[in-house]
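Structure, as structure tokens:
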Amino acid sequence: MSARTPSGQALARHGWVQAVAVVLAGLIAMGVTAALGLWAAGAADLPDGAFPRVVAATVVTSVGGTIELSGDAGGLADSSAGLTVIPLSVTLAGALVLAAGFLRPLRHRAVAGARELAGWAGRIAALWVLGLLGLALAARQTFTIALGDDTLGEIGDLFGITPKVGFETDVPLTLVFGLLWLAGVLVLALLVARGAPLPPRLLRFQESVRPAAYAMVVLLLSYVALGLVIALVTAATRGHAAETFAVILLGLPNLVWLAFTIGLGASWEGQVEGPFGLPMPHVLDEVLRGPDVSTLNLSTLAEQDGRVWWLVVVDAVLLLTVAFLMAARSPRRMRAWQHAVHLAVALALTVLMVCLVGRISAHYGLSVLGIGDLGGDLGGELLLRPELWSALGLAVLWGLVAGFIGALPARRVRRRGQA
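For the sequence shown, the numbering used here assigns the number 351 to the initial residue and increments by one for each residue that follows.
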């Protein structure tokens with residue numbers, strides 16, 4: 351019998367059993383994070399045993415899956431609802447676990463063949479599709495909305511109005527977006543990890559791409575860590591611990607990465623109306639609440655709380671830090687202007703990602719006999735969207751300046767080797 355080739359031995363080291371472990375670990379991390387966050391938010395009290403289905407829907411939306419909402423209020427009334435939001439805490443938990451599991455068998459190697467990497471990623475992707483399919487099929491439920499005992503309730507009884515709102519998953523779109531999300535996580539893991547092997551044809555790109563990608567991941571995770579500290583201090587000193595932990599476990603990156611872009615000078619448009627609200631910090635709700643769309647930026651926030659100008663300082667410090675880190679991990683022959691260009695491109699792509707995943711759109715309402723929205727607790731709207739092109743322009747400007755300045759002291763750092 352012929353001896354195994356090194357590539358064949360490598361493929362045997364990370365086969366189907368290891369892929370099952372990686373996918374299960376990722377799904378468990380996401381499911382536990384979503385369940386704890388929803389439990390802290392009070393979703394455990396949902397009727398008809400809906401809690402597990404809501405957890406499944408949360409995990410599905412965290413990887414870009416599509417949840418379709420439907421409404422039914424009988425023949426004389428109409429109910430409508432819509433929801434677009436990504437719980438980025440759940441997304442981040444799954445991404446970190448999957449990336450670590452994907453990279454673990456590849457560590458301590460300099461080069462890996464494209465066939466080997468594709469085979470290992472393909473095993474994970476196949477099992478990921480099966481797991482995501484099961485979650486997508488489980489994420490469906492219908493709720494009945496109580497009209498209460500007042501006049502509105504009497505009208506409902508008179509006309510036989512029983513408002514219902516339900517959700518289900520668009521399975522094909524969910525599988526497509528879930529696969530794209532997984533591919534993005536695995537590719538980013540290879541780009542960020544300094545010790546991860548690359549195919550020989552891609553080695554020439556690692557000097558410019560890997561340090562910048564690593565710097566952006568450090569930047570985003572630093573914001574999450576800083577936000578976590580602030581949230582824990584808030585929970586300990588001001589109460590509302592359950593609501594704060596719900597925010598931490600479901601949407602902390604949504605808030606801190608929004609703050610990151612605002613600190614760069616970016617503007618967002620938003621509106622909060624009805625019982626919807628932004629739980630933390632309260633200043634966001636104060637700026638956005640009203641019947642019209644409002645602008646959310648440093649100026650409008652400073653009218654409510656002048657401390658928001660510290661966001662500019664935090665952005666400057668963190669960007670200079672990661673710029674220095676990027677330059678220190680790059681070859682010594684690179685010049686400061688090259689580091690500036692690399693950071694500008696990386697920061698623009700990072701801000702683009704934050705703007706795409708940070709959008710929020712939610713609404714629901716009930717109308718009777720085609721006459722308007724009944725309002726009150728039976729209608730509301732939440733909207734948050736970025737002014738994209740100005741945000742990208744500011745990211746390029748910040749990246750050029752921070753990349754150039756951060757690269758200057760990095761010249762004195764002793765390199766251990768090539769990037």
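We treat Cβ as the ideally placed atom computed from N, Cα and C, and that holds for glycine. Here the structure is a predicted model, which is why all the values come from computation and not from measurement.
G601: first and last residue of the uninterrupted alpha helix (DSSP H) it sits in: Boundaries of the alpha helix (DSSP H) harbouring G601: A591 to G613, taken from the DSSP string.
Cβ contact (3+ pairs, closer than 8 Å) linking the stretch 375-385 and the stretch 461-472: No: the two stretches stay apart, fewer than three of their Cβ pairs being nearer than 8 Å.
In the DSSP assignment, find the beta strand (DSSP E) that holds E619 and state where it starts and stops. Taken as a continuous stretch (DSSP letters only), the beta strand (DSSP E) holding E619 covers W618 to E623.
Along the chain, where does the alpha helix (DSSP H) containing S644 start, and where does it finish? For S644, there is no enclosing alpha helix (DSSP H); the enclosing beta strand (DSSP E) covers residues S644 to L646.
Can you tell me whether D727 is helix, strand or coil according to DSSP? Low per-residue confidence applies at D727: pLDDT is 48, beneath 50, and the placement is therefore not dependable, though the value from the model is reported in the following sentence. DSSP places D727 in helix when its eight states are reduced to three.
Contiguous beta strand (DSSP E) assignments of at least 3 residues, all confined to the stretch 381-405: Along the stretch 381-405, the beta strand (DSSP E) does not occur as any fully enclosed run of 3 or more residues.
For W531 and Q368, what's the separation of their Cα atoms in angstroms? Approximately 20 Å, taken between the alpha carbons.
Is Y564 close to the ligand MG? I mean its beta-carbon at under 6 Å from any heavy atom of the ligand. Absent from the structure shown: the ligand MG. Ligands present: none.
Would you report the Cα separation of M676 and R551, rounded to the nearest angstrom? Take the alpha-carbon of M676 and the one of R551: they are about 23 Å apart.
Residue environment, V643, which counts as buried when at least 16 other CB atoms sit within 10 Å: Around the beta carbon of V643, a 10 Å sphere encloses fewer than 16 other beta carbons of the protein chains shown; the residue is thus reported as exposed.
Suppose contacts are defined by Cβ-Cβ distances below 7 Å. Is V707 in contact with I436 by that definition? At the C-beta level, V707 and I436 come within 7 Å of one another.
Can you give the beta carbon distance from D655 to V633, rounded, assuming they're within the 8 Å contact cut? D655 to V633, Cβ: 5 Å. Contact.
For G365, count neighbouring Cβ atoms within 10 angstroms of its own Cβ and tell me buried if that reaches 16, exposed if not. With fewer than 16 other beta carbons inside 10 angstroms of its own, G365 counts as exposed.
Report yes or no: do the stretch 689-696 and the stretch 401-418 share at least 3 C-beta pairs separated by less than 8 Å? Cβ pair count under 8 Å is below three, so no.
Rounded to whole angstroms, what's the CA-CA distance from G767 to M566? Just pull it up for me. Low confidence applies to G767: its pLDDT is 46, below 50, so where it sits in the model is not reliable, and the reading given next is rough at best. Their Cα atoms are separated by approximately 21 Å.
Sequence-distant residues of the same chain with beta carbon closer than 6 Å to V413, five excluded per side: Within the same chain, G528 and W531 come within 6 Å of V413 by CB-CB distance, once the 5 residues on both sides are set aside.
I'd like the list of long-range same chain contacts for V373, defined as Cβ closer than 7 Å, with 5 residues on each side in sequence excluded. Cβ-Cβ distances below 7 Å link V373 to I474, L477, W478 and G481 in the same chain, with the five nearest sequence neighbours on each side left out; the list follows chain order.
Among residues of its own chain, excluding the 5 on either side of V637, which ones have a beta-carbon nearer than 7 Å to its beta-carbon? Closer than 7 Å at the Cβ level, and outside the excluded window around V637, lie S644, L646, T650, L651 and Q654.
Expected contact under 8 Å - CB spacing of W618 and P736 to nearest Å: Going by Cβ atoms, the distance from W618 to P736 rounds to 5 Å, so yes, they are a contact pair.
Taking just the CA atoms, how far does A592 sit from A586? Separation of A586 and A592 (C-alpha to C-alpha, rounded to the nearest whole angstrom) is 11 Å.
Between the Cα of A616 and the Cα atoms of A445, R762 and S740, which residue gives the shortest distance? Just measuring C-alpha positions, the residue of A445, R762 and S740 sitting nearest A616 is S740.
With distances taken between CB atoms, is the gap from A489 to V410 smaller than 7 Å? Yes, Cβ-Cβ distance for A489 and V410 is below 7 Å.
Quickly, what does DSSP pair I710 with across the bridge? List them, please. I710 pairs with L734.
Which residues mark the beginning and the end of the alpha helix (DSSP H) in which T584 is found? Residues Q556 to R588.
Alpha-carbon spacing of L442 relative to L548, whole angstroms: Going by the C-alpha atoms only, they are around 24 Å apart.
Closest Cα partner of L485 within the set L453, A563, W470 and L525: If you compare the alpha carbons of L453, A563, W470 and L525 with that of L485, the shortest gap goes to L525.
With R465 as the anchor, note down where its alpha helix (DSSP H) starts and where it stops. The continuous alpha helix (DSSP H) containing R465 extends over residues A464 to A488.
Go through its chain and collect everything with a Cβ distance to A752's Cβ below 7 Å, but skip five positions before and after it. Taken in chain order, the residues that qualify are L669, L670, A673 and L693.
Would you identify the three-state DSSP class for G545, choosing helix, strand or coil? In the structure shown, G545 sits in coil (DSSP, three-state: anything other than H, G, I, E or B).
Measure the beta-carbon distance from A390 to L456 and round it to whole angstroms, keeping in mind my assumption that it falls under 8 Å. The beta carbons of A390 and L456 sit about 36 Å from each other, so the pair does not count as a contact at 8 Å.
Could you spell out where the alpha helix (DSSP H) holding W659 opens and where it closes? For W659, there is no enclosing alpha helix (DSSP H), as DSSP marks it with neither H nor E.
Whole angstroms is fine: what's the gap from S439's alpha carbon to L742's? Rounded to whole angstroms, S439 to L742 spans 24 Å at the Cα level.
Expressed to the nearest angstrom, what Euclidean distance is found between the alpha-carbon atoms of L744 and A394? Taken atom to atom, the span from the alpha-carbon of L744 to that of A394 is near 42 Å.
Which residues share a DSSP beta bridge with E518? Residue pairing from DSSP places E518 in a beta bridge opposite E418.
Three-state secondary structure (DSSP) at R639? Here R639 carries a strand assignment [DSSP, helix/strand/coil].
Going by C-alpha to C-alpha distance, which of D520, Y564 and G640 sits closest to G537? Note on identity: in this sequence residue 537 is Val, with Gly being the wrong assignment. When the alpha-carbon of V537 is set against those of D520, Y564 and G640, the nearest one is in Y564.
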